[in-house]
Amino acid sequence: MGNTSSESLSQAPCQDLVPSQMSGISYREALIDHFQNLMQRLEYSNMDLLAFLKLVHQTRDLYSTMYESYDQKNVKAIKSSHNMENDEFGVFGKVIHGMRDTSSQLKSSCTDLATLSNDIKSLSHEFHAYLKRARKEEKKLSDEVSTLKKNYEKALKKEQTQKSAKQELENMLTMNEKPLSNQEKDKIERKLKDLEPTLDKLESENRLLLLKFQEKEEVYKSGLGNILSHLEYIDRKRYSTLKELTRRFLEIIKTIGSCLSENAIQVSTSIQHLEDEKVFANFVTSCRNEVFIPAAAVKTSSEQSTTDNDQMRNLDVEDSKVHETQE
1 MGNTSSESLS QAPCQDLVPS QMSGISYREA LIDHFQNLMQ RLEYSNMDLL
51 AFLKLVHQTR DLYSTMYESY DQKNVKAIKS SHNMENDEFG VFGKVIHGMR
101 DTSSQLKSSC TDLATLSNDI KSLSHEFHAY LKRARKEEKK LSDEVSTLKK
151 NYEKALKKEQ TQKSAKQELE NMLTMNEKPL SNQEKDKIER KLKDLEPTLD
201 KLESENRLLL LKFQEKEEVY KSGLGNILSH LEYIDRKRYS TLKELTRRFL
251 EIIKTIGSCL SENAIQVSTS IQHLEDEKVF ANFVTSCRNE VFIPAAAVKT
301 SSEQSTTDND QMRNLDVEDS KVHETQE
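Per the UniProt record's numbering, the very first residue in the sequence shown carries number 1; after that it's consecutive.
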């Protein structure tokens, strides 16, 4: 649909354009004298597409980072490093369980965002291509009109110079303060006679130049009207497609939000149902029986403290880098 890359926008109106049935407004009729303003607005619309594309990329990066944290392999590593073999012994274990359930949805959403990103790129590329061709073709038509206009104005100036010379000679014959001799009169009359064919030729040529200029202006208006019809087609396509792309984007966000919210509720409920004294009783029992912490995973309190401190320092460094980037 639309205009192929090998076809000229100015040659014919867009056949795929269906004017709005409600307003009847068309770019061809309403904006024929406002091409530059229209192009500036359309360029701004393309900037909107690129900004939307950037937002989708940033959202996908965010979800990808979350997925890496929530992925089951990483969840296992977290559980192992904190010795949470049994959720009953740790509140954070409940959170870990919720993270595991969320990872699959994050992965799916990242795939959906990648597809959405490609669709936005495709739309922006097509839209930009139309704008580029429209500017190029309008400039070509405009330059042709401008060239003929300059030629006509130059010839008209030459004609006016000859007419002024003729008028000056005629004034010398009729309005001279001193009477002219017969010889002077004959000389002026000969000059006037010589000017007549030159002036007639200039007037004839200029009438032809004016006709060509006027015809070229009509070609420009017709071609520009065709260009405007194609611009309206691609702008309406951008608008309708962007509405659908935005709907898809918001649906992805909504899905992730619902998933996170539902898991948060489940985890919160699970934590609320913990029987505190039973948890501590089981913890004491596990310490006595050395069931909770396998011998291969035992660390001294000082070793564990050192590890935890290292982890906190790493987090502080990461936070510092984030703040520096934002500043």
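The beta-carbon is built from N, C-alpha and C at its ideal position, and this holds for glycine as well.
Annotation: the continuous alpha helix (DSSP H) that includes GLU203 extends over 182-272. In this structure, the beta-carbon distance from ARG238 to SER8 does not fall below 8 Å.
Around the beta carbon of HIS230, 16 or more other beta carbons sit within 10 angstroms, so the residue counts as buried. Taking VAL91 as reference, the option from ILE271, GLU144, ASP61, GLU29 with the minimal CA-CA separation is ILE271. Taking the CA atoms as reference points, ALA30 sits about 19 Å from ASP16.
Where GLY24 is concerned, there is no enclosing alpha helix (DSSP H), because DSSP gives it neither an H nor an E. Taken through DSSP and simplified to helix, strand or coil, ASP71 comes out as coil. Bounds of any alpha helix (DSSP H) do not take in LYS178, whose DSSP letter is neither H nor E.
The beta carbon of ALA264 sits closer than 8 Å to the beta carbons of GLY98 from its chain, once the five residues preceding and following it are set aside; these are given in chain order. Annotation for LEU202: ALA155, LYS158, GLU159, GLN162 place their beta carbon closer than 8 Å to its own, counting only its chain and skipping 5 residues before and after.
With respect to the C-alpha of LEU228, the residue from VAL18, PHE35, ILE25 having the closest C-alpha is PHE35. Across the structure, GLU184 and THR198 are spaced so that their CA atoms are roughly 22 Å apart. With 16 or more other CB atoms across the displayed protein chains lying within 10 angstroms of its CB, PRO13 is buried. Remark: C-beta atoms of LYS216 and LEU148 approach each other more closely than 8 Å. Judged by DSSP in its simplified three-state form, GLN15 adopts coil rather than helix or strand. About 18 Å separates the CB atoms of LEU141 and LEU209; that is not less than 8 Å, and the two are not in contact. The three-state secondary structure of LEU9, taken from DSSP, is coil. SER109 is a Cβ neighbour of TYR63, given a cutoff of 8 Å. The three-state reading of DSSP puts ASP119 in helix, counting H, G and I together.
Straight-line spacing of the CA atoms in GLU43 and LEU113 works out to 25 Å. Excluding sequence positions up to five before and after ARG133, its CB lies within less than 7 Å of the CB of LEU9, all in the same chain and listed in chain order.
One thing to note: THR255 has its Cβ within 8 Å of the Cβ of GLN105. Cα atoms of ILE234 and GLU262: separation of roughly 41 Å, rounded to the nearest angstrom. Counting the other Cβ atoms within 10 Å of the Cβ of PHE249 gives 16 or more, which makes it buried. Annotation: ILE96 to SER69 spans about 10 Å, alpha carbon to alpha carbon. For ASP276, the enclosing alpha helix (DSSP H) begins and ends at 276-289.
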